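Enquirer:
Residue numbers (our numbering): 8 to 493.
1. Where residue 199 and residue 226 are concerned, what is the direct C-alpha to C-alpha distance, given to the nearest angstrom?
2. Measure the alpha-carbon distance for residue 451 versus residue 366 and round it to whole angstroms.
3. Under 8 Å, with one C-beta from each stretch per pair, do the stretch 225-239 and the stretch 147-164 reach the 3-pair mark?
4. So what's residue 475 in DSSP terms, helix, strand or just coil?
5. Considering only residues of the same chain and omitting the five flanking positions on each side of residue 411, which have a CB-CB separation below 6 Å?
6. By DSSP's criteria, residue 301 is part of a beta bridge. Which residues make up the other side?
7. My assumption, with CB atoms under 8 Å, is that residue 424 sits in contact with residue 473. Please give the rounded CB distance.
8. Just the Cα atoms here: how many angstroms apart are residue 259 and residue 185?
9. In the DSSP output, what is residue 146 paired with across the bridge?
10. Could you give the C-beta distance for residue 281 and residue 300, rounded to a whole number, given that I count them as a contact under 8 Å?
11. Quick check on residue 35: buried or exposed, where buried means 16 or more other Cβ atoms within 10 Å of its Cβ?
12. Over what stretch of residues does the alpha helix (DSSP H) that includes residue 180 continue unbroken?
13. What do you reckon, are the CB atoms on residue 402 and residue 312 nearer than 8 Å?
14. Which residue wins for smallest C-alpha separation from residue 4, given the options 350, 33, 73 and 242?
15. Could you have a look at residue 64 and say whether DSSP puts it in helix, strand or coil?
16. Taking its Cβ as the centre, do 16 or more other Cβ atoms sit within 10 Å of residue 486, making it buried, or is it exposed?
17. With C-beta atoms as the reference, is residue 142 less than 8 Å away from residue 181?
18. Report the three-state DSSP secondary structure of residue 484 (helix, strand or coil).
19. Take residue 462 and list the residues in its own chain whose beta-carbon comes closer than 7 Å to its own, dropping the five residues that flank it on each side.
20. Which residue from 32, 98, 75 and 43 puts its Cα closest to that of residue 494?
21. According to the neighbour-count rule (16 or more other Cβ atoms, all chains shown, within 10 Å of its Cβ), is residue 119 buried or exposed?
22. In terms of DSSP beta bridges, what is residue 51 paired with?
23. Roughly how far, in whole angstroms, is the beta-carbon of residue 465 from the beta-carbon of residue 391, given that I think they are within contact range, below 8 Å?
24. I need the DSSP call for residue 102, collapsed to helix, strand or coil.
25. Output the distance between the C-alpha atoms of residue 235 and residue 339, rounded to the nearest integer angstrom.
26. With distances taken between CB atoms, is the gap from residue 193 to residue 152 smaller than 8 Å?
27. Applying the criterion that 16 or more other CB atoms from any shown protein chain within 10 Å of the CB defines a buried residue, is residue 358 buried or exposed?
28. For residue 97, which option in 71, 27 and 80 has the closest C-alpha, if you only look at C-alpha atoms?
29. Per DSSP, residue 440 forms a beta bridge with which residues?
30. Start and end of the beta strand (DSSP E) containing residue 327?
31. Could you check what DSSP says for residue 435 in three-state terms: helix, strand or coil?
32. I need the DSSP call for residue 249, collapsed to helix, strand or coil.
33. Kindly indicate which three-state DSSP category residue 10 falls into: helix, strand or coil?
34. How big is the Cα-Cα spacing for residue 507 and residue 252?
35. Let me know the secondary structure DSSP gives residue 198 once reduced to three states.
36. Quick one: grab the DSSP three-state call for residue 113.
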């Protein structure tokens, strides 16, 4: 329960009333887990704070676990925001833990995005040291994300007491290795070559002997964890109710939509109104129809996957729709640090379990495709920079074993000198046949530049530089077989 706050002329703010304590003046909601937890930023006793409100049937259990975890960090002298208050909400069966807000600080995920390669390595060593300190104290963070670390100057703060547990007496070493590999799996895949060195640094902090075979094992474990987590998120989690997605289902439809963009159900079931408007239409083909529209105050692109015939519809009825594939792949790219327009909604027409037409809604991004960008841009340095960023994009896809499947120019746009991938319904996560598929992607991309000698030279140079810098053992054979180097 929140009440409106009128004092200090802050009528746009609300209060969270507490039992036997002053209320929290809420300035913004930071995170919400529906019917379970809410995290808000605000002020309490004139101090900047973060308040965690626990609700639902397991509220008390989660509240006590969060407070207990933070207390364990404090007892182990591990840097963490101070716990200022723990208690109940006035007037409802909910609990609140209030933590000191450390000002002028970002979480580690945000900081890493702003750093160059050398600076990223320095920060990752500090985060590894923080994890080593937890392990040395007999603790383990079971919900290990880079967002659960705050970085201020030379201090790394550990967050989220709810995930803090005691290390088991059995298989402690395996627990620690899995936990560390989980941390490494959250890094940019381009930084995986640091894993052996970061593991050696971890061993130094725990004063244990570094073994080369353990360094190889933790690298392999990192790849397996990353693939498992990404696959589980993209193929399962975003098709059910979760923190990021709201799902509504009935006999005649299935809707999954991003929680941060509130679009009415009726609007999502009436997308044909936009697609049939000639003024909004971008593409009108047998396979798909595309239009631009305004939904919930945001410009979006609606793509409907059409059924060309009865037999085509019969064939598609028992398989995931191409819209569902696009929805999953957009989320796969997002968690893999690869840019694509934000997924807004997936809508499938159904007859029970049978799928019919399907719609994919994504954010509209105003940006030229890559060929248009190279035609318009006159600065040679900018062209070389963009070519390098595109080569990095392909190398990330290579490391993640993802093939796009249709690398024509119109499917890559350039926003702020960075590439963005579009048209994701042909994209596949293919660990077994990936080398062949990656070469096909490279060849298709280079065909965009058959008549542009200058751009061809830029991209050949960029691909050679990127694949060589990251010391990929397949570099020469891949680029030679793709015709990029001689």
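We put the CB at the ideal spot given by N, CA and C, even for glycine. Remember, predicted model here, so these are calculated numbers, not experimental data.
Expert: With the structure as the only source:
1. 8 Å
2. 27 Å
3. no
4. helix
5. 434 and 448
6. 306
7. With a Cβ gap of about 16 Å, residue 424 and residue 473 do not count as contacting.
8. 43 Å
9. 173
10. 4 Å
11. exposed
12. 179-192
13. no
14. An answer regarding residue 4 cannot be provided, because it is not within the stretch 8 to 493 covered by the chain.
15. coil
16. buried
17. no
18. helix
19. 381 and 456
20. Residue 494 cannot be examined here, being either before or after the span of the chain that is shown, 8 to 493.
21. buried
22. 54
23. 6 Å
24. strand
25. 12 Å
26. yes
27. exposed
28. 27
29. Residue 440 pairs with nothing; no bridge assigned.
30. Here residue 327 belongs to no beta strand (DSSP E), and DSSP marks it neither H nor E.
31. strand
32. coil
33. Note that residue 10 scores 43 on pLDDT, short of 50, meaning its location in the model is unreliable; the coordinates nonetheless yield the value given after this. If DSSP states are grouped into helix, strand and coil, residue 10 belongs with the strands.
34. With the chain represented from 8 up to 493, any question about residue 507 goes unanswered, as that position is not in the structure.
35. helix
36. strand
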